[in-house]
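What follows is a single structure, written as structure tokens, with notes after it.
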Amino acid sequence: MKLAELAKAVGGEARGDAEREIRGVAQAGDVRDDEATFVDDPKYLPLLAGRNPAAVFVRAFLPELHAPQIVVAEPRFAAIRASAAFVADPVFAPGVDPRAVVEPGAVVDPTATVMALAYVGAGATVGPHAVLAPQVFVGPEAAIGAHAVLHPGVRVGARCRIRARVVCWHNVSIGSDGLGFVRIGDQHVKIPQKGAVVVEDDVEIGANTCIDRATFGRTVIGAGTKIDNLVQIGHNCLIGKRVLIVAQVGLSGSVTVGDDAVLAAASGVVPHVRIGRGSVVGAKSGVHKDVPDGAMVAGYPAKDHMAWKRETAALKHLPEAIRALQRLEKRVEELETKDKA
Amino acid sequence: MKLAELAKAVGGEARGDAEREIRGVAQAGDVRDDEATFVDDPKYLPLLAGRNPAAVFVRAFLPELHAPQIVVAEPRFAAIRASAAFVADPVFAPGVDPRAVVEPGAVVDPTATVMALAYVGAGATVGPHAVLAPQVFVGPEAAIGAHAVLHPGVRVGARCRIRARVVCWHNVSIGSDGLGFVRIGDQHVKIPQKGAVVVEDDVEIGANTCIDRATFGRTVIGAGTKIDNLVQIGHNCLIGKRVLIVAQVGLSGSVTVGDDAVLAAASGVVPHVRIGRGSVVGAKSGVHKDVPDGAMVAGYPAKDHMAWKRETAALKHLPEAIRALQRLEKRVEELETKDKA
Amino acid sequence: MKLAELAKAVGGEARGDAEREIRGVAQAGDVRDDEATFVDDPKYLPLLAGRNPAAVFVRAFLPELHAPQIVVAEPRFAAIRASAAFVADPVFAPGVDPRAVVEPGAVVDPTATVMALAYVGAGATVGPHAVLAPQVFVGPEAAIGAHAVLHPGVRVGARCRIRARVVCWHNVSIGSDGLGFVRIGDQHVKIPQKGAVVVEDDVEIGANTCIDRATFGRTVIGAGTKIDNLVQIGHNCLIGKRVLIVAQVGLSGSVTVGDDAVLAAASGVVPHVRIGRGSVVGAKSGVHKDVPDGAMVAGYPAKDHMAWKRETAALKHLPEAIRALQRLEKRVEELETKDKA
């Protein structure tokens, strides 16, 4: 693709060598001579030192930048759109690959794709246009919705339900048993985990994330919720709609999360707590009690975000404050001594 | 199932519409019209607002609850028992599926089940009544004990030993190499990892958990220990019996954990530390030194649990304390000035 | 192997029963009667209580130790070398197993090994002497370098590049989409993730670790970097050479890590931050801003390691300091009262 074509594709204005060939898009710190990149703030120009990009998306022409430029309102989004123009979406041929295993009693829609080495258990259903990549496991009586995409190594346990347009990335585990044991004498006796998991429409789940089946009833992931990699969601959690759960978050059993909440990376929640609608839980924080709707909490144990900030800022002064206190104690002692004298 | 039948099945007393059909069990916040649920404390009744459960297990009849009830001593356990009555345990036919791969020299007991797309390496053994689900990997010379169940995607590396009745959930990794490198000049040179992992009887391991093989000798998980999802156990760890390790815990190499200890969620332990018998490590804490038998520790770095609680509580007062200290310094200064005058 | 043979193999001096048979190596706390172990400091001798090892590698002869001994300069490394002598490296026969799936248009070098149940997508390439274990997935147009080893369950997404001698452990995910969404109205709208991942020469990646593909361009793992288990690396991260990333670390999107940096276990970094060359990020810390070259940071939010240590030490005194402050306030009040009187 040439500069003018690319500018046209993103609705921008080309400035510079119109003949140079552009073969892809990359971030500024890693861009090659045949790739476009973007700079949405001149302060990032040093990232291009020693680099010779074929085109740079910019907000306004940058005379100090010696490279072909494309001026657009949103350089980052232009780069994203350009990238999509270079890399086609995958196309999946419908049908069951003969090297896949579909057990008797399973029902696969004729428009669905079941690739080689995928496994579909007895009584399971696979909906229209769903895609099961190689090495996917769909357990007995599980259901995969229309247009769902299960990437390689996804495991969907028995009787779990994956609704329409759900995307699960590599090695997602849905429907493993939760940690349900009762100590009786010198044994941990297992509590049967007979519930299931329901993943509602338009959910996306990141690689190696685990969602445990309910002890009874259902662990539910609400419609439109997006979950990152390596997240743990315990048995009987009820996650609302459009929730964002960032990487390495851990939710214990029976946690409820309201619609539109955000759980930042590596935060955790103890069992039976309710995270309010539209609330935000800070990264690496640990929540021990209910979070009100719309609240923002941080720290461990988690508290109001501003209170946590004040404490964190004050902590910097603690070593000096303790020394100051000791000095002050001496001064008061002196005053007292004089006073008595 | 009808109310009277269900009451009989759990040894409870039916109160209300005896003819309604009950088809399953769910938690209060998600129960449907044809399902039973439980309320073990009237304070949870609001969870049933707008819901119309077919039966509710209760400790004592609740007149304010307009739903069929079953009075039992332990409502939650009644719900668990009822759930098991609705969902049968899976039954596995013995034998090796022709679409599984069993390499020459492997020995599979005729009562064991090896499902389609499972792989058993050369020299491996699979014991009586063991179940290898689809897409399981058992490495060369590994051994799987009687009645063990390996769920889809479990990886058992070469020479590792899984004893009787062990359950491993989706994508568990047993026997990967630990992070063993020595820096020599400008390289990280690999230390050969030639040991193995031994998982003793009655251990259960959650989805996507990783247990590294020993550098030499054995990483050991003691009998009856239960491990949750996404846990990391480093090379040469020696975990005792009946230990509970909750989700996202990370144990560095050569950690020793005494019998009956509990490691709460997302806690971590540095290398070569000993966690005492029956001790408890708090959630998200980081342990830097040995924990005595029976101790309870929390925080980062982990310390006595009560000391940590006191510090955490005091921290709330720190911003105000620093201001108070500054005010006090001024007052002392004034007193000193007057004193001099 | 007999004591004298083993001593010779590690260049040490045998002391004690030369005829006892040694069949392996284990750590002191778990050693059996037919195994060797090591003690590099007499303080670890109690670990051998009640044990009867066939040989013990020691720095200097220990008269109080009643077991055959081998005196060597580095007992631990002698044990590692001995262990390698007992366990042979695996040998892989070249060729594609007929039970593997290689899609049309993929190119597998004749010296490479593709084991049963592995999958190689259309247009992918597998280099000389590379090994794909059972149940590995190599996506369309991905490239696997010479002598790379992908252990069971590794997933390499479309167009990703794995260079020479890279080792990926069980269930590693390379090339899943990152958490890239834009909130528009009441939806999280997906940002297409069309970039790839490049893993340079001599990288080793631990089990169940996830590396997201770039939004555009490349997520890069630099040559010689070693990554532990259960690590999350977000889209567009640029990781330098010879970096060490310990278990359960989480890097958000667009993080840059300089050469030779060390990220200790369970630490985390927010998006767009730069971790300096040769810097060290402490375990469980959370980095919110750039870390200078060679710096050592700890805590949450992460700060200079020594400042964090001082604050942490001071925190122990906080509960008492607050009480002391209150007592002092009273004393000053008394002085003020007297002063006024």
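Residue numbers (the working numbering), protein chains in the order written: chain A, 1 to 341; chain B, 342 to 682; chain C, 683 to 1023.
Ideal Cβ placement from N, Cα and C applies to all residues, glycine included.
When DSSP reads this structure, residue 131 (chain A) sits in a beta bridge with A:113, A:149. By the C-beta criterion, the stretch 485-498 of chain B is judged not to be in contact with the stretch 719-727 of chain C, since fewer than 3 inter-stretch pairs fall below 8 Å. The stretch 189-197 of chain A makes contact with the stretch 165-181 of chain A; the number of CB pairs closer than 8 Å reaches 3 or more. Residues 706 of the same chain have their beta carbon placed closer than 6 Å to that of residue 768 (chain C), with the five preceding and five following residues left out of the count. One thing to note: residue 410 (chain B) has its Cβ within 8 Å of the Cβ of residue 402 (chain B). Residue 357 (chain B) sits in coil when the DSSP states are folded into three classes, being neither helix nor strand.
In the displayed model, residue 22 (chain A) falls within coil according to three-state DSSP, outside both helix and strand.
Per DSSP, residue 907 (chain C) lies in no alpha helix (DSSP H) segment and is marked neither H nor E. The C-beta separation of residue 363 (chain B) from residue 216 (chain A) comes to about 12 Å, leaving the pair out of contact by the 8 Å criterion. Among the CB atoms of chain B, none fall inside 8 Å of the CB of residue 225 (chain A). Here residue 160 (chain A) has 142, 174, 175, 196, 197 as same chain residues with Cβ atoms under 6 Å from its own Cβ, once five neighbours each way along the sequence are excluded.
With respect to residue 255 (chain A), residue 275 (chain A) sits close: the two C-beta atoms are nearer than 8 Å. Within the stretch 208-269 of chain A, the complete beta strand (DSSP E) segments at least 3 residues long are 210-212, 218-221, listed from N- to C-terminus.
Listed in chain order, the positions of the stretch 23-49 of chain A with a beta carbon within less than 8 Å of a beta carbon of chain C are 24, 25, 26, 27, 29, 30, 31, 35, 37.
Nearest to residue 460 (chain B) by alpha-carbon distance, out of B:485, B:470, B:469, is B:485. Between the C-alpha atoms of residue 308 (chain A) and residue 284 (chain A) there is a straight-line separation of about 13 Å. Between residue 171 (chain A) and residue 549 (chain B), the C-beta gap is smaller than 8 Å, which places the two residues in contact. Between residue 907 (chain C) and residue 925 (chain C), the beta carbon gap of about 4 Å places them in contact (Cβ cut-off 8 Å). The Cβ atoms of residue 884 (chain C) and residue 916 (chain C) do not sit closer than 8 Å to each other. Taking the Cα positions, residue 998 (chain C) is about 20 Å away from residue 302 (chain A). Residue-level contact by beta carbon holds for residue 312 (chain A) and chain C, with a gap shorter than 8 Å. From the beta-carbon of residue 620 (chain B), no residue of chain A is found nearer than 8 Å; the closest lies around 15 Å away. Under a 10 Å Cβ-count criterion, residue 75 (chain A) is classified as buried, with 16 or more other Cβ atoms of the shown protein chains found around its own Cβ. Residues of the stretch 172-184 of chain A that bring their beta carbon within less than 7 Å of a beta carbon in chain B comprise 173, 176, 177, 179, 181, in sequence order. Cβ neighbours of residue 305 (chain A) within its own chain (closer than 7 Å, five residues either side excluded): 282, 296, 297, 298.
Proximity of residue 241 (chain A) to chain B, defined by a Cβ-Cβ separation below 8 Å, is not satisfied. With contacts defined as CB atoms closer than 8 Å, residue 931 (chain C) and residue 905 (chain C) fail to qualify as a contacting pair. Here the alpha carbon of residue 620 (chain B) sits roughly 7 Å from the alpha carbon of residue 632 (chain B). When DSSP states are grouped into helix, strand and coil, residue 711 (chain C) belongs to the helix group.
Annotation: residue 967 (chain C) is outside any alpha helix (DSSP H) and is labelled neither H nor E by DSSP. Flagged as an interface residue toward chain B: residue 762 (chain C), by a C-beta distance shorter than 8 Å. Here the alpha carbon of residue 813 (chain C) sits roughly 36 Å from the alpha carbon of residue 123 (chain A).
For residue 667 (chain B), no Cβ of chain C is located within less than 8 Å of the residue's own Cβ. With respect to chain A, the C-beta atom of residue 615 (chain B) has no partner C-beta closer than 8 Å. For residue 86 (chain A), the enclosing alpha helix (DSSP H) has its first and last residue at 75-86. Taking all protein chains shown into account, residue 738 (chain C) has 16 or more neighbouring C-beta atoms within 10 Å of its C-beta and is therefore buried.
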